[in-house]
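Student: Note that the working numbering has the sequence shown beginning at 98, numbered continuously upward.
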Amino acid sequence: MAEDTRPRLPAGQFLTERFPVLTHGKTQIVSTDDWQFRVWGYGLEDEIVFTWDEFIALGGMEIEKDFHCVTTWSRYDNRWKGVPISALWPSIETELSEKPKSLMFHCHGGYTTNLRLEEALVDGNLFATHHDDEKLSNEHGGPMRFVCHHLYAWKSPKWVCGIELLEHDKRGFWEKHGYHNSADPWSEERYSYQEGEADKAVK
Ligand SMILES: Nc1nc2c(c(=O)[nH]1)N[C@H]1C(S)=C(S)[C@@H](COP(=O)(O)O)O[C@H]1N2
Ligand SMILES: [Mo]
98 MAEDTRPRLP AGQFLTERFP VLTHGKTQIV STDDWQFRVW GYGLEDEIVF TWDEFIALGG
158 MEIEKDFHCV TTWSRYDNRW KGVPISALWP SIETELSEKP KSLMFHCHGG YTTNLRLEEA
218 LVDGNLFATH HDDEKLSNEH GGPMRFVCHH LYAWKSPKWV CGIELLEHDK RGFWEKHGYH
278 NSADPWSEER YSYQEGEADK AVK
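1) So, with DSSP's three-state summary, where would you put Ser234?
2) Please give me, in chain order, every unbroken run of the alpha helix (DSSP H) with length at least 4 that falls completely inside the stretch 142-214.
3) Would you identify the three-state DSSP class for Ala250, choosing helix, strand or coil?
4) Please determine if the stretch 201-212 and the stretch 266-281 are in contact, where contact requires at least 3 C-beta pairs separated by less than 8 Å.
5) Rank Thr102, Lys255, Leu262 and Gly221 by C-alpha distance to the C-alpha of Arg176 and give the top, closest one.
6) If you check the beta carbons only, do Phe134 and Phe152 fall under 8 Å apart?
7) Give the DSSP-derived three-state secondary structure of Lys300 in the structure shown.
8) Tell me the rounded alpha-carbon separation between Leu212 and Trp186.
9) In chain order, what residues of the same chain lie with their CB nearer than 6 Å to the CB of Gln125, ignoring the 5 residues before and after it?
10) With respect to the beta strand (DSSP E) encompassing Glu261, which residues constitute its N-terminal and C-terminal limits?
11) Reducing DSSP to helix, strand and coil, say where Tyr139 ends up.
12) Taking 7 Å as the cut-off, is the C-beta of Trp251 nearer than that to any heavy atom in ligand 2?
13) For Leu141, tell me which candidate among Asp150, Lys178, Thr129 and Pro197 has the shortest Cα-Cα distance.
14) Hey, how far is the Cα of Val146 from the Cα of Phe224?
15) Is Phe116 helix, strand or coil by DSSP?
16) Return the chain-ordered list of same chain residues with a C-beta closer than 8 Å to the C-beta of Thr226, the five sequence neighbours on each side being excluded.
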């Protein structure tokens with residue numbers, strides 16, 4: 098593989114040691130007792146439902162990654178622990194008659210964000226239950242959030258409760274409200290007015 102020559106801090110970002118909370122709307126209080134994770138949509142005849150224990154049993158991993166918010170703060174060395182999406186995906190893939198183009202992540206409280214399948218499946222992306230060796234707090238998305246570590250943080254949905262499989266890419270909450278569809282921090286893909294024709298076509 099080619100050496101990664103990108104600077105650690107992407108352009109336009111500043112470093113903080115704090116861990117700000119950015120939530121549109123209210124912090125969600127979600128119990129693991131009656132927790133469910135649903136997968137439905139394109140290519141899937143019957144929806145797949147996991148309980149908390151079933152989801153946790155899929156597998157585990159730990160990873161340390163920097164976190165970059167589009168509002169320009171970055172926090173280095175976040176230690177995430179949880180279920181890698183690479184452990185979930187095979188149990189979905191075996192049921193599929195068609196390959197979805199994108200995934201829409203759904204959350205308690207109604208937040209959504211979309212990821213193209215290959216972006217969602219980037220190595221190290223995970224459903225996190227712990228941050229820096231502590232149970233993930235409610236404010237930061239506990240009991241479970243998805244962490245898409247290589248894109249701006251609005252692509253890391255808190256209180257995640259399901260995935261909708263999409264035939265064609267669709268835009269999630271912030272992507273509809275002026276943020277970029279792709280969200281690569283090293284290309285400063287912050288706002289949708291910066292998008293090229295390829296990205297605009299999916300609106
Ligand atoms: N469910 C949900 N997930 C969300 C958000 C939200 O408002 N609701 N905000 C996003 C945004 S804009 C950012 S920057 C990160 C912030 O994560 P943090 O609050 O843990 O720092 O969460 C993302 N995930
Ligand atoms: Mo954000």
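From the three backbone atoms N, C-alpha and C, an ideal C-beta is built for every residue, glycine too.
Tutor: Considering the structure as presented:
1) Of the three classes helix, strand and coil, the one that applies to Ser234 here is coil, per DSSP.
2) Counting whole runs of 4 or more residues, the stretch 142-214 contains the alpha helix (DSSP H) stretches 149-153 and 182-190.
3) Three-state result, Ala250: helix.
4) Taking one beta carbon from each stretch, the stretch 201-212 and the stretch 266-281 have 3 or more pairs nearer than 8 Å; the two touch.
5) Checked all of Thr102, Lys255, Leu262 and Gly221; the closest Cα to Arg176 is Gly221.
6) Result yes, Cβ atoms of Phe134 and Phe152 sit closer than 8 Å.
7) Below a pLDDT of 50, predicted positions are generally treated as unreliable, and Lys300, at 46, falls in that range; the measurement from the model is reported next regardless. Under the three-state reduction of DSSP, Lys300 is assigned to coil, being neither helix nor strand.
8) Spanning the two alpha carbons is a distance of roughly 14 Å.
9) Excluding sequence neighbours, Gln125 sits near His205, Gly206 and Trp256.
10) Per DSSP, the unbroken beta strand (DSSP E) holding Glu261 starts and ends at Val257 to Leu263.
11) Looking at Tyr139 - three-state DSSP - the assignment turns out to be coil, as it is neither helix nor strand.
12) Yes, ligand 2 has a heavy atom inside 7 Å of this Cβ.
13) Checking every option, the nearest Cα to that of Leu141 belongs to Pro197.
14) Approximately 16 Å between the Cα atoms of the pair.
15) It is coil, neither helix nor strand.
16) Result list for Thr226: Ile153, Lys178, Gly179, Val180, Lys232, Leu233, Gly239, Pro240 and Met241, in chain order.
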